[in-house]
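*Asks:*
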Amino acid sequence: MSSADPATTASSGRPRRFAPAGPLKGRIRVPGDKSISHRSIMLGALAVGETRVTGLLEGEDVLSTAAAMRAMGASITREADGTWSIHGVGVGGLLQPQQALDMGNSGTSTRLLMGLVASHAITASFIGDASLSKRPMGRVIEPLSLMGADFTASPGARGSQTLPLMMRGAAPAVPIAYRLPVASAQVKSAILLAGLNTPGITTVIEPVPTRDHSERMLKGFGAELEVEVEPDGTRVIRVRGEAEFRPQQIVVPGDPSSAAFFVVAGLLVPGSDLVIENVGLNPTRAALFDVLRQMGGQIDELDRREVGGEPVADLHVRHSALTGIAVDPAVVPSMVDEFPVLFVAAALARGRTVTTGLEELRVKESDRISAMRAALELAGATVTETADGLIIDGTGGDPLPGTPEGAAVTTHLDHRIAMSMAVAGLASRAGVEVDDIRPIATSFPVFESLLDGLADT
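Everything in the sequence shown is counted per full-length UniProt numbering, starting at 1 for the first residue and increasing by one.
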C-alpha cells in the first residue's frame, strides 16, 4: 500500500492511495468500543471514588468526552500501562465549566453530555468542528427542554438547533415520559443521563430497540433502572433519579464498528485468513456480521465469552464469495454506522444488494448515502441512490477498477467514509485515492498501522 504525495497542509488534507497488497493474514486486536468508552468516562465521573478502565478507545472523540468531564470537576488520568483512572464528583456534583466544551467531531459526546448537564444547575457552551456544527441537535433539545433545560443558539450557529449552543441546566429538573420519534441510542441515553439527577422516575419509550450500553452500564454503577418489553417489542426504560453511583472496574471490549472494516477486507481480498480478537458482540450492535453471513461471508466466532457484562468473541474471517441481498431495514439500528463498509462489500458481491430505511445516514458526520454513492462510483462501482438507501450491482468478485489518476474520493471529514474506501482500495485493481485520512483519528487512530501490518504479514 503506497502513500500518495504528502500534501499535508490544513487546506489540502492528507491524501493517501490505498492499493491492493495481497492477502490479509494474521491476528489483530482493534481498539476499545467507542460507545462504551464514552459512557465509562461519563459514568465514572458521576461516581464517588475511583473508577478504573482498561481497553479505553483513545481516539479524539473519547478524549473530547474526557476533557469535558475534567472541565466539570472530575479527575481523569491515564497511567503508564494504559489504564485510565477516574475520580468522580458524584451524581449532582458537576461543576460549572470555565470555558466552552469543545466536542471536536463527536456527536455522541455532545448529545450525551447535554443530557448530563440538563439536570445540573450549571451553564455550558458546546462547540465543535465544521462537520459537527452541521449536525442536528433538535432531537435531544426537545426532550431535555421538557425536563427544564434551556438552549440558546450562539453567534455563528447555522440555526437554532446546531452548535455552537449555550445550555442552562435545571435543578431540580422535571421527570418525563418520552416516546422516541426516531430510533436513537444517543437520545435515549441523553434522557436517561438527565434522569439520574432528576427527582422521581424518568421514562423512555423505545419502539425500535437500539444499542443498550447505557442501560447495562447504568445498572452496573448502581442506578435503579428497569426495562419492560411490551408484546410488540417496544422497550419501556425507567430510571429513578438522585442515584448514588459506586465506582467500577471496567474492561472495554473491542469495537465492532472498528472490527467491521477488517472483517469486510478479509472477506473481499483473495487468500485472506485473519482473526480479530476480543470483538464486542452486543446484539444491539452486531447485525453487520449476520448480514455478511447472509451474503455468504465466512465469519466464525471463537471463544465466545463475557467481558464487563458484554458478549465478546474472536472473529475468524476468510475470503468469501458474496452474493447480493435485500437488507432487512429492521436491522438498521443495530448496524447504522456499518453501512458505509457494507456498501463496499456489496460492490464486489454477485448480483444486486438493496438497502432501505437509511434516512439516519443523511445526518451523520456526512450524508453517508450520497457520499458513499459518489465514492463508489468514482472507484468504478455501479450504484443507484434512492431517498433512503443505495442499490448496488456488484462485480461478482472481480476487483473494482479503482479511482482514476488525479481523482480522489471526497470524505467530507467523515472517518467512516475514509476507512470504508480504504477497504475498497484493497479490493481494487489500481487502488483508491482518499482525499483526507486525518478524520480517521477521531475513532480509530491505529487503523492504518493495523492494516499495513496485516498486508505485510
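Note that beta-carbon positions come from the ideal geometry of N, C-alpha and C, so glycine has one too.
None of the values given here were measured: they were computed from a predicted structure.
Quick one: using the 10 Å Cβ neighbour count with 16 as the cut-off for buried, is Ala177 buried or exposed?
*Replies:* Reading the sequence shown from its first residue, position 177 is the one you call residue 177. The residue is exposed, with fewer than 16 neighbouring Cβ atoms inside 10 Å.
*Asks:* Can you look up Lys25 in the DSSP assignment and give me helix, strand or coil?
*Replies:* Mapped onto the sequence shown, residue 25 falls at position 25. Here Lys25 sits in strand by DSSP.
*Asks:* Have a look at Gly44 and Asp273 and give me their C-alpha separation to the nearest angstrom.
*Replies:* Counted from its first residue, the sequence shown places residue 44 at position 44. Counted from its first residue, the sequence shown places residue 273 at position 273. Distance between the alpha carbons of Gly44 and Asp273 is about 39 Å.
*Asks:* What residue range is occupied by the uninterrupted beta strand (DSSP E) comprising Thr108?
*Replies:* For this step, residue 108 is matched to residue 108 along the sequence shown. Unbroken run through Thr108 is the alpha helix (DSSP H), Gly107 to Ala118; no beta strand (DSSP E).
*Asks:* Please work out which residues of its chain come closer than 7 Å, Cβ to Cβ, to Ile39, disregarding the five sequence neighbours upstream and downstream, and give them in chain order.
*Replies:* Against the sequence shown, residue 39 aligns to sequence position 39. According to the sequence provided, residue 39 is Arg. The question's Ile does not apply to it. Within the same chain, Arg39 has close Cβ partners His213, Ser214 and Met217.
*Asks:* My understanding is that Gly49 touches Pro247, with C-beta atoms under 8 Å, so please give their C-beta distance in whole angstroms.
*Replies:* Within the sequence shown, residue 49 is the residue found at index 49, counting from 1. Within the sequence shown, residue 247 is the residue found at index 247, counting from 1. The pair is a contact, with the Cβ atoms about 4 Å apart (cut-off 8 Å).
*Asks:* Does DSSP classify Asp337 as helix, strand or coil?
*Replies:* Locating residue 337 in the sequence shown gives position 337, where the first residue counts as 1. Three-state result, Asp337: helix.
*Asks:* Please report the distance separating the alpha-carbon of Ser59 from that of Ala441.
*Replies:* Numbered from its first residue, the sequence shown carries residue 59 at position 59. Numbered from its first residue, the sequence shown carries residue 441 at position 441. Note on residue identity: the sequence assigns Gly, not Ser, to residue 59. Their backbone Cα atoms lie some 6 Å apart in a straight line.
*Asks:* Mind checking which residues open and close the beta strand (DSSP E) that includes Leu165?
*Replies:* By 1-based counting over the sequence shown, the position of residue 165 is 165. Run containing Leu165: Leu165 to Arg168, per the beta strand (DSSP E) assignment.
*Asks:* Shortest alpha-carbon distance to Ala424 belongs to which of Ser64, Leu378 and Leu413?
*Replies:* Translated into the one-based positions of the sequence shown, residue 424 becomes position 424. Per the Cα distances, Leu378.
*Asks:* Using a Cβ-Cβ distance cut-off of 8 Å, determine whether Leu281 contacts chain D.
*Replies:* The displayed structure is made up of one protein chain only, and chain D is not part of it.
*Asks:* Between Gly453, Leu400 and Thr410, which lies nearest to Ala430 when the distance is taken from Cα to Cα?
*Replies:* In the sequence shown, residue 430 corresponds to position 430, counting from 1. With distances taken between Cα atoms, Ala430 lies closest to Leu400.
*Asks:* Are the CB atoms of Gly394 and Ala347 within a distance shorter than 8 Å?
*Replies:* Translated into the one-based positions of the sequence shown, residue 347 becomes position 347. Translated into the one-based positions of the sequence shown, residue 394 becomes position 394. Going by C-beta atoms, Ala347 is nearer than 8 Å to Gly394.
*Asks:* Would DSSP call Gln98 helix, strand or coil?
*Replies:* Here residue 98 refers to the residue found at position 98 when the sequence shown is read from its first residue. Correct three-state label for Gln98: coil.
*Asks:* By a C-beta neighbour count over all protein chains shown, 10 Å radius and 16 as the cutoff for buried, is residue 500 buried or exposed?
*Replies:* The shown model of the chain, from 1 to 457, leaves out residue 500, and the question about it has no answer.
*Asks:* Could you check if Thr162 is buried or exposed, using at least 16 other CB atoms within 10 Å of its CB as the buried criterion?
*Replies:* Numbered from 1 along the sequence shown, position 162 holds the residue referred to as residue 162. Answer is buried; the Cβ neighbour count reaches 16.
*Asks:* Tell me whether the beta-carbon of His412 lies closer than 8 Å to the beta-carbon of Ser443.
*Replies:* Position 412 of the sequence shown, counted from the first residue, corresponds to residue 412. Position 443 of the sequence shown, counted from the first residue, corresponds to residue 443. Contact flag unset, no.
*Asks:* Going by alpha carbons, who is nearest to Glu228 out of Ala259, Gly22 and Thr203?
*Replies:* By one-based count along the sequence shown, residue 228 stands at place 228. The residue with the shortest Cα to Cα distance from Glu228 is Thr203.
*Asks:* Going by other Cβ atoms of all chains shown within 10 Å of its Cβ, with 16 needed for buried, is residue 473 buried or exposed?
*Replies:* In the structure as shown, the chain begins at 1 and stops at 457. Residue 473 is therefore absent and cannot be evaluated.
*Asks:* May I have the straight-line CA-CA distance separating Met1 from Ala427, to the nearest angstrom?
*Replies:* Here residue 1 is taken as the residue at index 1 of the sequence shown, counted from 1. Here residue 427 is taken as the residue at index 427 of the sequence shown, counted from 1. In this predicted model, Met1 has a pLDDT of only 45, less than 50, meaning its place in the structure is not dependable; the value taken from the coordinates is given anyway. Rounded to whole angstroms, Met1 to Ala427 spans 12 Å at the Cα level.
*Asks:* List the whole-angstrom C-beta distance separating Thr110 from Met137, where the pair is believed to meet the contact cut-off of C-beta under 8 Å.
*Replies:* Position 110 of the sequence shown, counted from the start, is the residue given in the question as residue 110. Position 137 of the sequence shown, counted from the start, is the residue given in the question as residue 137. Yes, Thr110 and Met137 are in contact; Cβ-Cβ is about 7 Å, under 8 Å.
*Asks:* For Ser85, which residues of its own chain have a beta-carbon under 7 Å away from its beta-carbon, when the five flanking residues on both sides are left out?
*Replies:* Reading the sequence shown from its first residue, position 85 is the one you call residue 85. Result list for Ser85: Glu50, Arg52, Thr77 and Glu79, in chain order.
*Asks:* Could you check where the alpha helix (DSSP H) with Pro256 kicks off and where it finishes?
*Replies:* Taking the sequence shown and counting its residues from 1, the one referred to as residue 256 is at position 256. Segment Pro256 to Leu268, the alpha helix (DSSP H) holding Pro256.
*Asks:* What does Ser125 pair with, by DSSP beta-bridge criteria?
*Replies:* For the purposes of this step, residue 125 is taken as the residue at position 125 of the sequence shown. Its beta-bridge partners are Met166.
*Asks:* Should Asp452 go down as buried or exposed, given a rule of 16 or more other Cβ atoms within 10 Å for buried?
*Replies:* Numbered from its first residue, the sequence shown carries residue 452 at position 452. Exposed: under 16 other Cβ atoms inside 10 Å.
*Asks:* On the three-state DSSP scale, how would you describe Glu226?
*Replies:* Stepping through the sequence shown from its first residue, residue 226 is reached at position 226. In this structure, Glu226 counts as strand in the three-state DSSP scheme.
*Asks:* What whole-angstrom Cβ distance do Ser420 and Val336 have, given they're in contact under 8 Å?
*Replies:* As a working note, residue 420 is residue 420 in the sequence shown. As a working note, residue 336 is residue 336 in the sequence shown. About 14 Å separates the two Cβ atoms, so there is no contact after all.
*Asks:* Hey, could you find the ends of the alpha helix (DSSP H) Thr65 is sitting in?
*Replies:* For the purposes of this step, residue 65 is taken as residue 65 along the sequence shown, with counting starting at 1. From DSSP, the alpha helix (DSSP H) with Thr65 extends over Glu60 to Ala71.
*Asks:* Would you tell me roughly how many angstroms separate the C-alpha atoms of Thr198 and Pro143, rounded to the nearest one?
*Replies:* Position 198 of the sequence shown, counted from the start, is the residue given in the question as residue 198. Position 143 of the sequence shown, counted from the start, is the residue given in the question as residue 143. When rounded, the distance between both Cα atoms is 13 Å.
*Asks:* Rounded to whole angstroms, how far is the Cβ of Ala260 from the Cβ of Leu288, which I believe are closer than 8 Å?
*Replies:* By one-based count along the sequence shown, residue 260 stands at place 260. By one-based count along the sequence shown, residue 288 stands at place 288. Right, the Cβ-Cβ distance comes to about 5 Å (below 8 Å), so this counts as a contact.
*Asks:* Reducing DSSP to helix, strand and coil, say where Leu43 ends up.
*Replies:* Numbered from 1 along the sequence shown, position 43 holds the residue referred to as residue 43. Helix at Leu43.
*Asks:* By a C-beta neighbour count over all protein chains shown, 10 Å radius and 16 as the cutoff for buried, is Ser75 buried or exposed?
*Replies:* Position 75 of the sequence shown, counted from the start, is the residue given in the question as residue 75. Classification for Ser75: exposed.
*Asks:* Buried or exposed: Leu95, going by 16 or more other Cβ atoms within 10 Å of its Cβ?
*Replies:* To locate residue 95, count along the sequence shown from 1; it is residue 95. Leu95 should be labelled exposed.
*Asks:* Would the stretch 295-312 count as touching the stretch 223-240 if we require 3 or more Cβ pairs under 8 Å?
*Replies:* As far as the Cβ criterion goes, the stretch 295-312 does not touch the stretch 223-240, which means the pair count is below three.
*Asks:* Is the stretch 308-321 touching the stretch 256-270 in the sense that three or more CB pairs, one from each, lie closer than 8 Å?
*Replies:* Output reads yes: the stretch 308-321 touches the stretch 256-270.
*Asks:* If you measure between the beta carbons of Ala387 and Pro15, is that distance less than 8 Å?
*Replies:* Along the sequence shown, read from residue 1 onward, the residue named residue 387 stands at position 387. Along the sequence shown, read from residue 1 onward, the residue named residue 15 stands at position 15. No, Cβ-Cβ distance for Ala387 and Pro15 is not below 8 Å.
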